[in-house]
Amino acid sequence: MGVDLEWEIGDEEAPPATEWTNPSLIMGREREEGFIPRPSPMFRPRPERRRWRAWILAALIFGAVALAALWLIQEQWRRQLEGELRSTLLLEAQALARGDREIFLGLQDPQDEKWRRAQSDLLDKARQADIPADQVGIIALGVEGDWAWAEVRAPRPAAGLFRQSAAAGAALIEQVQFYRRIDDRWKRVAPSPDFLAYWGEAAALEAPYLQVEFPERDRPQVEAWLAALGPYAQEVCLDLGCPAEMRLSIVLSPTLDLDESLQQIAPDAIRLSFPSPHASGIRQDHLHSEEPMLIALSFSLMAVAQSSGSTMAAYEFEGRGLPARVTLARAIFYHEFDRAVALLATPEFQAEWANFKDTLMNPLSQGEWLSLAQMDLAPSWRAPEGQAWTLVEYVAETYGREHIGELLRAAQSAPSLSEALRTGLAVQDVNAFERNWRSFVAARLGQARRDVPLRP
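Going by the numbering used here, the first residue of the sequence shown is number 729, and it counts up by one from there.
This is how it looks when you write it as structure tokens:
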């Protein structure tokens, strides 16, 4: 019995594709009935998913090109804004140097009248200080959307720093200046905590008797201050007998709109506010940036020691509300803070200090002794207050702190300063006392003895 087999090749059971890749197998069979040659796999249509991959790759390339073009456009715009900002800085410096009020105030925030008044005062002081326009240097700058900042090194009127006299000339400082886009132009605006991208987050550091709050941008200055203020605060507090739990809180704020005052926030705690050194300006010459804080620290430690935990009225800083202690501020300002605070610890001196102007200053003002005006000293030392302070300091070092009160009491009733010296200090030769006092002043300030005019 024979077996008949029917062999059918359908799409489901096609022979291996590699079989049809050999041309010799195809040749001769094309004439067979029903034969349909199959194409080689290399000629088959691509699957649909490969097409999607091509589209995705093209889209990614297009997106990268678009992002690069957008970045180039933004970078070109940023450079254009930075160029305009540099031009504004230069124009502002030139207007300040020339005293050109129209241009200078035209570059200030038109909506902030308080800021414009402050800048107008700066312009008036710059006229007297002869500010050069070619010493302005840009340390760094940045554009943050519609506002920008620029750290500059530039001369500024010294009369605007630490309340010096108008004839103090110019001082080189480093400070930050802020600008906003107003009417498509850069206008300088007042420092503000709103510029967080520049200032950074709030921070705090502590040392014995001290706590400092500050924006992160001021951290290097604060660390330097604490290195100097920490040991000094401990020495002063030991001398004055400050309470162990006393804390002086120093707050550095990213603004210039402060009252610069000492405020008691607890029986043995004082809060002292200062502008950020970057906002107010850091002097680059012989006066260091920490000196204002040293002055305020001296006053605050003194106030805490005097209050002994009782309620203390707010003290104004640097002369406003402290008329009898202005001279002490100047003495502290000229690196005499340790001696000034030590003298304040003398009860006799504290009791008589309120009569200071009626005792020592007036005789010197009346010319009983030669003025120090012939000496090459700072204006505050040549003033009667400065001379009187140096006299008190000389008495403290030569005769002892306990004799200061005796001299002040004697000066209240004596007809002259010379008589007060004879009565209070048993001085026999007033002329020799004066010569020694003036030599003491010269030596303290590092001045050669031969430059001191002495009474024969």
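Using N, Cα and C, we set each Cβ at its ideal position, and we do this for glycine too.
Since this is a predicted model, take the numbers as computed values, not measurements.
- Item | Limits of the unbroken alpha helix (DSSP H) element including Leu-1153 | Here residue 1153 corresponds to residue number 425 of the sequence shown, with the count starting at 1. Annotation: the continuous alpha helix (DSSP H) that includes Leu-1153 extends over 1145 to 1153.
- Exposed or buried, Phe-790, counting other C-beta atoms within 10 Å across all chains shown (16 or more means buried)? Translated into the one-based positions of the sequence shown, residue 790 becomes position 62. Burial state of Phe-790 is exposed, judged by a 10 Å Cβ sphere holding fewer than 16 other Cβ atoms.
- Give me the Cα-Cα distance between Pro-943 and Ile-1010, rounded to the nearest whole angstrom. Here residue 943 refers to the residue found at position 215 of the sequence shown. Here residue 1010 refers to the residue found at position 282 of the sequence shown. Taking the straight line joining both Cα atoms gives about 16 Å.
- Task: Compute the beta-carbon to beta-carbon distance between Trp-875 and Val-904, rounded to the nearest angstrom, for a pair I have assumed lies under 8 Å.
- Result: Taking the sequence shown and counting its residues from 1, the one referred to as residue 875 is at position 147. Taking the sequence shown and counting its residues from 1, the one referred to as residue 904 is at position 176. Distance from Trp-875 to Val-904 at the Cβ level is roughly 12 Å; contact not present, criterion being Cβ atoms closer than 8 Å.
- Message: So, with DSSP's three-state summary, where would you put Ala-894?
- Response: Counting from one through the sequence shown, the residue named residue 894 turns up at place 166. Confidence at Ala-894 is low in this model, with a pLDDT of 37, below 50, so the placement of that residue is unreliable and no value is reported for it.
- Assuming Arg-916 and Ile-901 make a contact with CB atoms under 8 Å, what is their CB distance in whole Å? Translated into positions along the sequence shown, residue 916 becomes position 188. Translated into positions along the sequence shown, residue 901 becomes position 173. Between Arg-916 and Ile-901, the beta carbon gap of about 16 Å keeps them out of contact (Cβ cut-off 8 Å).
- Message: Assuming the contact rule is C-beta atoms closer than 8 Å, Arg-881 and Ile-867 should be a hit. Round their C-beta distance to whole Å, please.
- Response: The count along the sequence shown starts at 1 and reaches residue 881 at position 153. The count along the sequence shown starts at 1 and reaches residue 867 at position 139. The Cβ separation is near 6 Å, so the contact holds.
- How big is the Cα-Cα spacing for Trp-1165 and Ala-1148? Locating residue 1165 in the sequence shown gives position 437, counting from the first residue. Locating residue 1148 in the sequence shown gives position 420, counting from the first residue. Distance between the alpha carbons of Trp-1165 and Ala-1148: 15 Å.
- Proximity to Val-979 [Cα-Cα], best of Ala-961, Gln-962, Ala-972 and Arg-999: As a working note, residue 979 is residue 251 in the sequence shown. Taking each of Ala-961, Gln-962, Ala-972 and Arg-999 in turn and checking the Cα distance to Val-979, the smallest one comes out for Arg-999.
- Query: Under a Cβ-count criterion, where at least 16 other Cβ atoms within 10 Å of its own Cβ denotes burial, should Val-793 be classed as buried or exposed?
  - Reply: Position 65 of the sequence shown, counting from 1, holds the residue named residue 793. Counting Cβ neighbours within 10 Å, Val-793 comes out exposed, since fewer than 16 surround it.
- Task: Specify, as a first and last residue, the run of the beta strand (DSSP E) that Ala-1007 falls within.
- Result: Within the sequence shown, the letter at position 279 stands for residue 1007. Not the beta strand (DSSP E): Ala-1007 falls in the alpha helix (DSSP H), residues 1005 to 1008.
- Task: Can you tell me which of the three DSSP states Ile-1132 falls into?
- Result: Within the sequence shown, the letter at position 404 stands for residue 1132. Note: Ile-1132 maps to helix in three-state DSSP.
- Query: Which of helix, strand or coil does DSSP assign to Ser-920?
  - Reply: Stepping through the sequence shown from its first residue, residue 920 is reached at position 192. Looking at Ser-920 - three-state DSSP - the assignment turns out to be coil, as it is neither helix nor strand.
- Is DSSP giving Ser-904 helix, strand or coil here? The sequence position of residue 904 within the sequence shown is 176, counting from 1. Residue 904 is actually Val in this sequence, not Ser. Strand.
- Task: Using the DSSP secondary-structure output, state which residues sit across from Lys-915 in a beta bridge.
- Result: In the sequence shown, the residue the question calls residue 915 occupies position 187. For Lys-915, which the question treats as bridged, DSSP gives the partners Arg-908.
- Task: Please state whether DSSP places Gly-865 in a helix, a strand or coil.
- Result: As a first step, residue 865 is located in the sequence shown; it is residue number 137 there, counting from the start. If DSSP states are grouped into helix, strand and coil, Gly-865 belongs with the strands.
- In the DSSP assignment, find the unbroken alpha helix (DSSP H) run with Ile-978 in it and report its ends. Position 250 of the sequence shown holds residue 978. Boundaries for Ile-978: no alpha helix (DSSP H) harbours it, while the beta strand (DSSP E) harbouring it runs 975 to 981, taken from the DSSP string.
- With 16 other CB atoms within 10 Å as the buried threshold, where does Asp-849 fall? For the purposes of this step, residue 849 is taken as residue 121 along the sequence shown, with counting starting at 1. Flag for Asp-849 reads exposed.
- Query: Taking just the CA atoms, how far does Glu-934 sit from Leu-1119?
  - Reply: Walking along the sequence shown from the start, residue 1119 turns up at place 391. Walking along the sequence shown from the start, residue 934 turns up at place 206. In a straight line, the C-alpha of Leu-1119 is about 37 Å away from that of Glu-934.
- Under the three-state DSSP convention, the category Leu-835 falls into: What you label residue 835 is simply residue 107 of the sequence shown in a count that begins at 1. Coil at Leu-835, not helix or strand.
- Looking at the unbroken beta strand (DSSP E) that takes in Pro-883, where does it start and where does it end? What you label residue 883 is simply residue 155 of the sequence shown in a count that begins at 1. DSSP places Pro-883 in the uninterrupted beta strand (DSSP E) bounded by 875 to 885.
- Drop a sphere of 10 angstroms on the beta-carbon of Asp-946, count the other beta-carbons inside from all chains shown, and report buried for 16 or more, exposed for fewer. Residue mapping note: residue 946 aligns to position 218 of the sequence shown, counting from 1. Asp-946 is classed as buried because its beta carbon has at least 16 other beta carbons within 10 Å across all chains shown.
- Leu-933 bridges to which residues according to DSSP? Start at 1 with the first residue of the sequence shown, and residue 933 comes out as number 205. Per the DSSP secondary-structure output, Leu-933 pairs in a beta bridge with Val-940.
- Query: Which partner residues does Ala-899 have in the DSSP bridge list?
  - Reply: Here residue 899 refers to the residue found at position 171 when the sequence shown is read from its first residue. In DSSP, Ala-899 forms a bridge with Arg-884.
- In its own chain, which residues sit with a C-beta less than 6 Å from the C-beta of Ala-1041, not counting the 5 before and 5 after it? Translated into the one-based positions of the sequence shown, residue 1041 becomes position 313. Because the pLDDT at Ala-1041 is just 25, under 50, the model does not fix this residue reliably, and the point stays unresolved.
- Would you report the Cα separation of Arg-908 and Leu-817, rounded to the nearest angstrom? As a first step, residue 908 is located in the sequence shown; it is residue number 180 there, counting from the start. As a first step, residue 817 is located in the sequence shown; it is residue number 89 there, counting from the start. Roughly 13 Å between the two C-alpha positions.
- Query: Taking just the CA atoms, how far does Glu-830 sit from Pro-936?
  - Reply: By 1-based counting over the sequence shown, the position of residue 936 is 208. By 1-based counting over the sequence shown, the position of residue 830 is 102. Those two C-alpha atoms are separated by around 50 Å.
- Where Gly-870 falls: helix, strand or coil (DSSP): Looking up residue 870 in the sequence shown gives position 142. Strand, per DSSP.
- Burial state of Phe-1156, where buried means 16 or more other Cβ atoms lie within 10 Å: Counting from 1 along the sequence shown, the entry for residue 1156 is found at position 428. Here the sequence assigns Gln to residue 1156, which means Phe is not the residue at that position. A residue is called buried once 16 or more other Cβ atoms fall within 10 Å of its Cβ, and Gln-1156, having fewer, is exposed.
- Between the C-alpha atoms of Phe-1161 and Ala-1170, what's the straight-line distance to the nearest angstrom? Start at 1 with the first residue of the sequence shown, and residue 1161 comes out as number 433. Start at 1 with the first residue of the sequence shown, and residue 1170 comes out as number 442. Roughly 14 Å separates the two Cα atoms.
- What's the gap between the Cα of Leu-813 and the Cα of Arg-807? What you label residue 813 is simply residue 85 of the sequence shown in a count that begins at 1. What you label residue 807 is simply residue 79 of the sequence shown in a count that begins at 1. The straight-line gap from Cα to Cα measures roughly 10 Å.
- Query: Is there at least one Cβ from chain C nearer than 8 Å to Arg-916's Cβ?
  - Reply: Considering every chain present, this structure includes no chain C. It has just one protein chain.
- Message: What does the alpha-carbon distance come out to for the pair Ala-821 and Asp-912?
- Response: As a working note, residue 821 is residue 93 in the sequence shown. As a working note, residue 912 is residue 184 in the sequence shown. In a straight line, the C-alpha of Ala-821 is about 20 Å away from that of Asp-912.
- Inspect the beta-carbon positions of Pro-982 and Ser-920 and report whether they are closer than 8 Å. Numbered from 1 along the sequence shown, position 254 holds the residue referred to as residue 982. Numbered from 1 along the sequence shown, position 192 holds the residue referred to as residue 920. A Cβ-Cβ contact shorter than 8 Å links Pro-982 with Ser-920.
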